[in-house]
Amino acid sequence: MKEICRKYRESAKVQVFSHIGQIFFAVIITGLVSSLISYHFQLTAFNKNIELISGDPEMLKIALIVSALSSIVTLPLTFCLTRFYLLTSRTHIFQKIPIKAYFTPFESPSYLLKCSLLTLTLTVINCLGVFLLIFPVFLSFCMAPFIMSDNPETSVFSALKKSFKMMRGKKMMAFRASFPFLIFYLVITMFFASIPVISFIMTAAGEALFYVTLALIYNDLKNAELHTN
Numbered sequence: 213m214k215e216i217c218r219k220y221r222e223s224a225k226v227q228v229f230s231h232i233g234q235i236f237f238a239v240i241i242t243g244l245v246s247s248l249i250s251y252h253f254q255l256t257a258f259n260k261n262i263e264l265i266s267g268d269p270e271m272l273k274i275a276l277i278v279s280a281l282s283s284i285v286t287l288p289l290t291f292c293l294t295r296f297y298l299l300t301s302r303t304h305i306f307q308k309i310p311i312k313a314y315f316t317p318f319e320s321p322s323y324l325l326k327c328s329l330l331t332l333t334l335t336v337i338n339c340l341g342v343f344l345l346i347f348p349v350f351l352s353f354c355m356a357p358f359i360m361s362d363n364p365e366t367s368v369f370s371a372l373k374k375s376f377k378m379m380r381g382k383k384m385m386a387f388r389a390s391f392p393f394l395i396f397y398l399v400i401t402m403f404f405a406s407i408p409v410i411s412f413i414m415t416a417a418g419e420a421l422f423y424v425t426l427a428l429i430y431n432d433l434k435n436a437e438l439h440t441n
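So for the sequence shown, the working numbering puts the first residue at 213; every next one is plus one.
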């Protein structure tokens with residue numbers, strides 16, 4: 213298993229650093245649009261809170277709803293970025309990934325809604341996993357975004373179910389392969405947040421390495437499943 217994990221990490225490094233420019237571009241798009249949306253909603257919520265001080269308790273409900281929307285509307289972008297990492301794992305070295313592919317989920321409202329619901333569901337599951345100290349729960353469902361990327365017609369529940377089945381007996385391997393990149397990402401986030409440029413470059417690279425590693429594992433598991441069937 214050690215050699216297999218090392219192979220995935222090395223492959224992820226090659227794929228990420230040969231497409232690093234496009235990855236940075238995708239991360240910038242995601243971050244910029246998310247920031248603008250969040251800023252707009254949070255500013256509105258702040259104004260509503262100011263009105264609340266004047267004595268209108270109904271404004272509190274509006275402020276809470278608006279704050280929640282600031283997170284919900286960015287869910288499709290999170291899925292798009294994860295999908296971009298899957299495309300990175302499948303693209304030949306130094307070959308360009310069509311930027312249009314990043315926005316594919318936006319071409320179908322129903323698909324976009326499913327992508328958003330899946331991302332929201334995974335966020336809730338992962339938060340519960342951390343809160344209850346059930347860490348393997350993330351790895352059980354980590355392939356769901358990749359599954360939905362390959363099968364736009366699948367439902368959220370089916371994507372989660374297929375991921376759970378696919379990762380049965382494979383969670384430790386996926387953990388050992390991707391864990392060093394996760395630690396790298398967390399360390400950079402905690403200790404270099406005060407240096408914006410370095411923090412952005414390193415966290416973007418760390419996140420990409422983590423997800424591309426999982427995407428490479430997904431590709432192999434999917435191919436093995438196809439050959440079995």
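C-beta: ideal position from N, C-alpha, C; glycine also.
Give every residue of the same chain whose Cβ lies closer than 8 Å to the Cβ of residue i, excluding the five residues on either side of it in the sequence, and list them in chain order.
| i | result |
| --- | --- |
| S320 | P364 |
| V228 | I235, T300, A417, A420, L421 and V424 |
| Y323 | P317 and P364 |
| F376 | S352 and F353 |
Looking at the structure shown, is residue i part of a helix, part of a strand, or coil, going by DSSP?
| i | result |
| --- | --- |
| F396 | helix |
| S320 | coil |
| K214 | helix |
| L428 | helix |
| H439 | helix |
| G233 | helix |
| P408 | helix |
| Q227 | helix |
| F306 | coil |
| T242 | helix |
| T294 | helix |
Who are the near neighbours of residue i in its chain, counting only those whose CB is closer than 7 Å to its CB and skipping five residues on each side?
| i | result |
| --- | --- |
| L351 | M379, K383, A386 and F387 |
| L433 | M378 and K382 |
| S223 | L428 |
| T294 | P357 and Y423 |
| F404 | I410, S411 and M414 |
| A238 | L293, F296 and Y314 |
Between residue i and the rest of its own chain, which residues show a CB-CB distance below 6 Å, the 5 nearest in sequence each way excluded?
| i | result |
| --- | --- |
| M414 | I400 |
| L329 | V368 |
| C327 | P288, F291 and P317 |
Since I believe residue j is in contact with residue i (beta carbons under 8 Å), could you give me their beta-carbon distance rounded to a whole number of angstroms?
| i | j | result |
| --- | --- | --- |
| S361 | L298 | 5 Å |
request  = Write down every uninterrupted run of the alpha helix (DSSP H) in the region 333-391 whose length is 4 residues or greater and which is fully enclosed by it, in chain order.
outcome  = 348-353, 356-362 and 368-378
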